[in-house]
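Chains A and B are the protein sequences, given in the same order. full-length UniProt numbering numbers the first residue of the first sequence as 1 and each following residue consecutively. full-length UniProt numbering numbers the first residue of the second sequence as 1 and each following residue consecutively. No residue lacks a Cβ here, since even glycine has one placed at the ideal position from N, Cα and C.
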Amino acid sequence: MLQCDYTTSQLDVLEAESIHIMREVAAEFERPCLLFSGGKDSIVMLRIAEKAFWPAPIPFPLLHVDTGHNFPEVIEFRDRRADELGARLIVASVQESIDAGRVTEETGRRASRNRLQTTTLLDAIEDGEFDAVFGGARRDEEKARAKERVFSFRDEFGQWDPKNQRPELWNLYNAKIRKGEHIRVFPLSNWTELDIWDYIRREGIEIPSIYYAHTRKVFERDGMLLSESEFVTRDEDEQVFEAVVRYRTVGDVTCTGAVQSAAATVEEIIAEIAATRITERGATRADDRASEASMEDRKREGYF
Amino acid sequence: MDILRFATAGSVDDGKSTLIGRLLFDSKAIFEDQLEAVERTSRDRGTEYTDLSLLTDGLRAEREQGITIDVAYRYFATPRRKFIIADTPGHIQYTRNMVTGASTADLAIVLIDARKGVLEQSRRHAFLTTLLRVPHLVLAVNKMDLVDYSQERFEEIREEFTAFAAKLNAPDLTFIPISALHGDNVVSRSENMPWYNGSSLLHHLENVHIASDRNLVDVRFPVQYVIRPQRATDPALHDYRGYAGQVAGGVLKPGDEVVHLPSGLSTRIASIDTFDGPVQEAFAPMSVTLRLEDDIDISRGDMICRPNNQPQVTQELEAMVCWMADATKLAPRAKLTIKHTTRTARVLVKDLHYRLDVNTLHRDEEAGSLGLNEIGRVSLRVTQPLFVDDYARNRLTGGFILVDEATNNTVGAGMITDAR
Chain A
1 MLQCDYTTSQ LDVLEAESIH IMREVAAEFE RPCLLFSGGK DSIVMLRIAE KAFWPAPIPF
61 PLLHVDTGHN FPEVIEFRDR RADELGARLI VASVQESIDA GRVTEETGRR ASRNRLQTTT
121 LLDAIEDGEF DAVFGGARRD EEKARAKERV FSFRDEFGQW DPKNQRPELW NLYNAKIRKG
181 EHIRVFPLSN WTELDIWDYI RREGIEIPSI YYAHTRKVFE RDGMLLSESE FVTRDEDEQV
241 FEAVVRYRTV GDVTCTGAVQ SAAATVEEII AEIAATRITE RGATRADDRA SEASMEDRKR
301 EGYF
Chain B
1 MDILRFATAG SVDDGKSTLI GRLLFDSKAI FEDQLEAVER TSRDRGTEYT DLSLLTDGLR
61 AEREQGITID VAYRYFATPR RKFIIADTPG HIQYTRNMVT GASTADLAIV LIDARKGVLE
121 QSRRHAFLTT LLRVPHLVLA VNKMDLVDYS QERFEEIREE FTAFAAKLNA PDLTFIPISA
181 LHGDNVVSRS ENMPWYNGSS LLHHLENVHI ASDRNLVDVR FPVQYVIRPQ RATDPALHDY
241 RGYAGQVAGG VLKPGDEVVH LPSGLSTRIA SIDTFDGPVQ EAFAPMSVTL RLEDDIDISR
301 GDMICRPNNQ PQVTQELEAM VCWMADATKL APRAKLTIKH TTRTARVLVK DLHYRLDVNT
361 LHRDEEAGSL GLNEIGRVSL RVTQPLFVDD YARNRLTGGF ILVDEATNNT VGAGMITDAR
């Protein structure tokens, strides 16, 4: 007898959908890998991978594209988490791409290794012969991403063609590719920033300390607070000061801004996000501010 | 809080973007930096009002050409529900995108301009919604401000559409008079239309009952992946063999007698496992892992169901197919790959019975092929048995995609009819 109404909470629905996507990939591809940066989205993605294959171990390696300009707290977290899971962690180094002459380091005050990551990522995909690459991107993050498929086709150059995407219906994902091509898979497509935080709270998931309020030496540039660091060149008028801040997103030290915040617990962060009026990428990512289509342009080239 | 997925149909002229913009704005899902970017672009282009369609048109080509190319997914939440909007474009590749957006939708909103009434386009939108079996349809009669909030005009449109919908086997149908521009009946009830006693659009979206839309009767568990831990460190797991998948129908419980297809062998569910511990029942859309009491050879693509309620096991399919490729056509003798639940096989197009005109519902039995965005009734022969239900009974075991074997593109979407 069906006396309860069998409703399912939004986090359970999203989790079930993401698990389904991960199992499809494990079943249909030869060599998947999961992009793991130590950021909150990839941490949630990793937890879902753990759930999808339990009690078996996660059946694919983790891949991190290391710009060499990361927050040390995040790198420490990355290594520890991979260790705990007994997962194989592959680190693809942008520094090595520079040393090998594959890419040229940008110079000047706004130099960033953000764009250089694409070459390192595509090289790592080719070297590992990966045919499916899990990414933690969400459709609510950015308008080019709002139109991306869950199974997003990349040609042999690693390029995304937004005007020529495969239709995606029901829960049926087309995994057919030729050798040299690959699929970027986004299991968190339908999650929002708030869903991610609700899930982190519900599951009691550990995240790197820089997501919580802490005292840090920062300076202001274009209305964003950037961390003082050996990798960033400051102008004379960019004065360093101490502030209580936290990070809403975690990327490169050179282009990820902190927000002034006293939120020291997940509950406080959720309350803060629920009240905020600025998107996480708008608040904290210099890389997305370059032009209206900067994300689309980078994605076309093969970016995350 | 649960999730409502809805598709919106209509063109910019119907005020669709304005409506979505208002829902997002009033539920605080539009952020200041997004709004500023849109205002800046509107100004740069010399538009006098803030063009909210810029919020959803994310691609460079879309902004340059002022058109929407692809389905965009938008998200907002109220204290009652989380909403996922599949926003489908009005002009280009309409059918393909609407079919895609509607495939996962619980509800569809079709917008009608109160001045223009029920157009060919409105009928097409409503037809596609019912073809894809979206359980709830809302006719939002927009621009009521431009017809002096006339009850008479609203009733006229309601009657005309109701007569048409009777031919469609339309599901739960709701009419709401709105003005997206001024916000009448969008979030709260309008004082301009005291004659209207129904809910505001948002109130309807928050309260429409969707839990019973899922099939909780026919147990269908397509096996997706077999979990066999190979870690030798834990001897308890040595013999573990779990069948992972997402429930597509019915309610499964430990102890239930089940049948495996294609073997036809019976066994019982020993336990329903998840990372968070065993559960006492599983139903759609849960992703779980079944352990069975007997050792049966089970692999991906197989189906687990109940002894006295089984899907049809068949290599012959009758289906409505929407063709989605521009380079090729669907015609008899075509060979394609089919993906249905977790099973992939090859398929031969045996016959095209008719092509359907989505505007007039006229059946052209002389048609020899289906081109881009065309819909028709076909007979297919599959290389191996599929475990199917009528699409009308279960969207997950009744729907399939077709993949071109040369390009690997998804070229068709099918809905099974006439399954036993």
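- Task: May I ask you to report which of helix, strand or coil DSSP gives F231 (chain A)?
- Result: If you number the first sequence from 1, residue 231 (chain A) lands on position 231. F231 (chain A): coil per DSSP, three-state reduction.
- Message: So E281 (chain B) and K253 (chain B) are supposed to be a Cβ contact under 8 Å. How far apart are they, rounded?
- Response: Walking along the second sequence from the start, residue 281 (chain B) turns up at place 281. Walking along the second sequence from the start, residue 253 (chain B) turns up at place 253. Confirmed, about 5 Å.
- Task: Figure out for me which residue from A:T119, A:T254 and A:E280 has the closest Cα to the Cα of R110 (chain A).
- Result: Counting from 1 along the first sequence, the entry for residue 110 (chain A) is found at position 110. Closest by alpha carbon: A:T254.
- Message: Against chain A, does I85 (chain B) count as a neighbour if the rule is that its beta carbon must be under 7 Å from one of theirs?
- Response: On the second sequence, residue 85 (chain B) is found 85 positions in, with the first residue counted as 1. So, not an interface residue.
- How is L132 (chain B) classed by DSSP in three states: helix, strand or coil? Taking the first residue of the second sequence as position 1, residue 132 (chain B) is located at position 132. In this structure, L132 (chain B) counts as coil in the three-state DSSP scheme.
- Query: Opposite E316 (chain B) in the DSSP bridges: which residues?
  - Reply: Taking the first residue of the second sequence as position 1, residue 316 (chain B) is located at position 316. Beta-bridge pairing links E316 (chain B) to B:R381.
- Taking 7 Å as the CB-CB cut-off, is T254 (chain A) touching chain B? To locate residue 254 (chain A), count along the first sequence from 1; it is residue 254. T254 (chain A) does not count as touching chain B.
- Give the straight-line distance between the Cα atoms of A100 (chain A) and L89 (chain A), rounded to the nearest whole angstrom. Taking the first sequence and counting its residues from 1, one reaches residue 100 (chain A) at position 100. Taking the first sequence and counting its residues from 1, one reaches residue 89 (chain A) at position 89. So the alpha carbons of these two residues sit roughly 22 Å apart.
- Based on Cα-Cα distance, which residue from B:D364, B:I269, B:G301 and B:G15 lies nearest to A140 (chain B)? Stepping through the second sequence from its first residue, residue 140 (chain B) is reached at position 140. Minimum Cα distance to A140 (chain B) is reached at B:G15.
- Evaluate F157 (chain A) with the Cβ neighbour count: other Cβ atoms within 10 Å of its Cβ, from every protein chain shown; 16 or more gives buried, anything less gives exposed. Counting from one through the first sequence, the residue named residue 157 (chain A) turns up at place 157. The residue is exposed, with fewer than 16 neighbouring Cβ atoms inside 10 Å.
- Quick one: is H340 (chain B) buried, meaning 16 or more other Cβ sit within 10 Å of its Cβ, or exposed? Here residue 340 (chain B) is taken as the residue at index 340 of the second sequence, counted from 1. Buried is the label assigned to H340 (chain B), since at least 16 other Cβ atoms lie within 10 Å of its Cβ.
- Query: Got a sec: which bits of the stretch 35-58 of chain A sit with their beta carbon under 7 Å from any beta carbon on chain B, in order along the chain?
  - Reply: E50, K51, F53, W54, P55, A56 and P57
- Item | Limits of the beta strand (DSSP E) - the one that A258 (chain A) falls within | As a first step, residue 258 (chain A) must be located in the first sequence, where it is residue number 258. Run containing A258 (chain A): A258 to Q260, per the beta strand (DSSP E) assignment.
- Query: Looking at C-beta atoms only, is the number of pairs between the stretch 380-393 of chain B and the stretch 308-320 of chain B that lie closer than 8 Å three or more?
  - Reply: yes
- Task: Taking only beta carbons into account, state which residues of the stretch 104-116 of chain B come closer than 9 Å to chain A, listed in chain order.
- Result: T104
- Task: Could you work out which residue in A:R216, A:P167, A:W160 and A:L194 is closest to V240 (chain A) when comparing CA atoms only?
- Result: Start at 1 with the first residue of the first sequence, and residue 240 (chain A) comes out as number 240. When each option's Cα is compared against that of V240 (chain A), the closest is A:R216.
- Query: Would you call the CB atoms of D389 (chain B) and G399 (chain B) closer than 7 Å?
  - Reply: Locating residue 389 (chain B) in the second sequence gives position 389, where the first residue counts as 1. Locating residue 399 (chain B) in the second sequence gives position 399, where the first residue counts as 1. Cβ atoms of D389 (chain B) and G399 (chain B): not closer than 7 Å.
- Neighbourhood of D26 (chain B) by C-beta distance below 8 Å, restricted to the same chain and skipping five residues each side: Residue numbering aside, residue 26 (chain B) sits at position 26 when the second sequence is read from its first letter. Only G183, V186, V187 and L202 meet the Cβ criterion.
- For K176 (chain A), decide whether its Cβ has a neighbour in chain C, counting only Cβ atoms nearer than 7 Å. Of the protein chains in this structure, namely A and B, none is chain C.
- Within 7 Å (strictly less), CB to CB, does K339 (chain B) reach chain A? For this step, residue 339 (chain B) is matched to residue 339 along the second sequence. Yes, contact with chain A.
- Contained beta strand (DSSP E) runs [length at least 3] in the stretch 31-81 of chain A, N- to C-terminal order: 32-35 and 62-66
- Task: Write down the C-beta distance between G245 (chain B) and N215 (chain B) rounded to the nearest angstrom, noting that I regard them as a contact closer than 8 Å.
- Result: Here residue 245 (chain B) corresponds to residue number 245 of the second sequence, with the count starting at 1. Here residue 215 (chain B) corresponds to residue number 215 of the second sequence, with the count starting at 1. Going by Cβ atoms, the distance from G245 (chain B) to N215 (chain B) rounds to 15 Å, so no, they are not a contact pair.
- Query: Where does F387 (chain B) sit, in a helix, a strand or coil, going by DSSP?
  - Reply: Numbered from its first residue, the second sequence carries residue 387 (chain B) at position 387. Strand at F387 (chain B).
- Coarse secondary structure for I416 (chain B), derived from DSSP in three states: By 1-based counting over the second sequence, the position of residue 416 (chain B) is 416. Strand.
- Could you please tell me which residues of the stretch 277-293 of chain B, in chain order, have their CB closer than 7 Å to any CB of chain A? F283, P285, M286 and S287
- Item | Sequence-distant residues of the same chain with beta carbon closer than 7 Å to N359 (chain B), five excluded per side | Against the second sequence, residue 359 (chain B) aligns to sequence position 359. Excluding sequence neighbours, N359 (chain B) sits near E120, R123 and R124.
- Query: Three or more C-beta pairs closer than 8 Å, one from the stretch 225-240 of chain B and one from the stretch 99-109 of chain B: is that the case here?
  - Reply: no
- Query: At least one CB of chain B closer than 7 Å to the CB of V240 (chain A): is that the case?
  - Reply: Sequence index remark: in the first sequence, residue 240 (chain A) carries index 240 (1-based). False, the Cβ-Cβ gap to chain B never drops below 7 Å.
- Task: Using only alpha-carbon positions, find the residue among B:I304, B:R22 and B:T233 that is nearest to R74 (chain B).
- Result: As a first step, residue 74 (chain B) is located in the second sequence; it is residue number 74 there, counting from the start. Taking only the C-alpha atoms, the option nearest R74 (chain B) is B:R22.
- Query: Just checking my contact of A175 (chain A) with F151 (chain A) at CB under 8 Å: how many whole Å lie between their CB atoms?
  - Reply: For the purposes of this step, residue 175 (chain A) is taken as the residue at position 175 of the first sequence. For the purposes of this step, residue 151 (chain A) is taken as the residue at position 151 of the first sequence. The beta-carbon separation of A175 (chain A) and F151 (chain A), rounded to 7 Å, stays under the 8 Å limit for a contact.
- Message: Quick check: the Cα distance between I375 (chain B) and K329 (chain B), rounded to an integer number of angstroms?
- Response: Position 375 of the second sequence holds residue 375 (chain B). Position 329 of the second sequence holds residue 329 (chain B). CA-to-CA, the gap between I375 (chain B) and K329 (chain B) works out to about 11 Å.
- Query: By DSSP, does T8 (chain A) sit in helix, in strand, or in coil?
  - Reply: What you label residue 8 (chain A) is simply residue 8 of the first sequence in a count that begins at 1. In the structure shown, T8 (chain A) sits in coil (DSSP, three-state: anything other than H, G, I, E or B).
- Task: Determine which residues of the stretch 385-415 of chain B have a Cβ less than 8 Å from any Cβ of chain A, and write them out in chain order.
- Result: R395, L396, G399, F400, I401, V403, N408, N409, T410 and A413
- Query: Expressed to the nearest angstrom, what Euclidean distance is found between the alpha-carbon atoms of R248 (chain A) and Q34 (chain B)?
  - Reply: As a position in the first sequence, residue 248 (chain A) is number 248, starting the count at 1. As a position in the second sequence, residue 34 (chain B) is number 34, starting the count at 1. So the alpha carbons of these two residues sit roughly 17 Å apart.
- Task: Can you grab the Cα-Cα spacing for the pair P32 (chain A) / S199 (chain B), in whole Å?
- Result: If you number the first sequence from 1, residue 32 (chain A) lands on position 32. If you number the second sequence from 1, residue 199 (chain B) lands on position 199. P32 (chain A) and S199 (chain B) have their alpha carbons spaced roughly 48 Å apart.
- How would you label M1 (chain B), buried or exposed, when you count the other beta carbons within 10 angstroms and need 16 or more for buried? Position 1 of the second sequence, counted from the first residue, corresponds to residue 1 (chain B). M1 (chain B) comes out exposed.
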